[in-house]
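Participant:
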Amino acid sequence: MEDFSVNSYIKLMKEDKYIPSQWDFLYLLSMLDNYQEVKWLATEFKKMGKQVTRKMLHFMIYYTSSVNECLEIANELSRNKVKSLRKMNAESVFSILYIQLIHLSDTRQQAERFFEEAHSRGINLGEGHVEHFGNLGKVRSTLESVKKHLGSTKPDYNL
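With numbering that gives the first Met the number 0, the residue at position 146 of the sequence shown is 145, and numbering never jumps.
#1: Could you give the DSSP three-state label for residue 131: helix, strand or coil?
#2: According to DSSP, is residue 126 part of a helix, a strand, or is it coil?
#3: Is the stretch 16 to 34 touching the stretch 98 to 107, taking contact as three or more C-beta pairs under 8 Å?
#4: What first and last residue would you give for the alpha helix (DSSP H) that runs through residue 18?
#5: Quick test of the definition: if touching needs 3 or more C-beta pairs under 8 Å, does the stretch 30 to 50 touch the stretch 61 to 81?
#6: Please classify residue 25 as buried or exposed, where buried requires at least 16 other C-beta atoms within 10 Å of its C-beta.
#7: Between residue 112 and residue 64, what straight-line distance do the alpha-carbon atoms span, to the nearest angstrom?
#8: Can residue 97 and residue 110 be called in contact, C-beta distance under 7 Å?
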């Protein structure tokens with residue numbers, strides 16, 4: 000398969016009147032670098048008839064670079080009512096969300112508040128996460144690792 004840009008890929012899917020899958024989304028996600036691009040991609044998929052799934056939201060978390068972006072995904076997760084989660088339970092997604100919130104926190108107090116909130120929801124995180132508050136290097140390295148993983152995803156749409 001030739002190397003196409005995300006825009007080219009979406010344009011071809013639209014021309015074919017193709018309804019994309021979450022695997023197409025995850026494949027294209029590996030080519031993006033920030034949350035605004037990811038939000039745009041999700042919007043394009045919605046326009047083509049693909050609703051955002053928890054799995055898609057799960058991977059979108061890694062692209063956030065602020066607490067507000069994380070909270071935006073938290074709101075979307077709360078509204079997202081998926082009957083069958085297959086291999087992925089809601090607790091694991093919220094666990095990842097809270098870890099990201101803690102790492103993106105500006106102050107230790109804010110990080111501790113998110114840690115306590117997670118604990119009150121029954122999500123048990125290790126105390127060590129609070130020590131990494133404000134660690135944007137850790138956030139970036141995690142994103143790069145996730146992008147590498149997503150890059151091996153096989154899309155359903157074949158060019």
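Ideal placement from N, C-alpha and C gives every residue a C-beta, glycine not left out.
Facilitator: The relevant details are as follows:
#1: coil
#2: coil
#3: no
#4: Residue 18 -> no alpha helix (DSSP H), and no H or E assigned at all.
#5: yes
#6: buried
#7: 18 Å
#8: no
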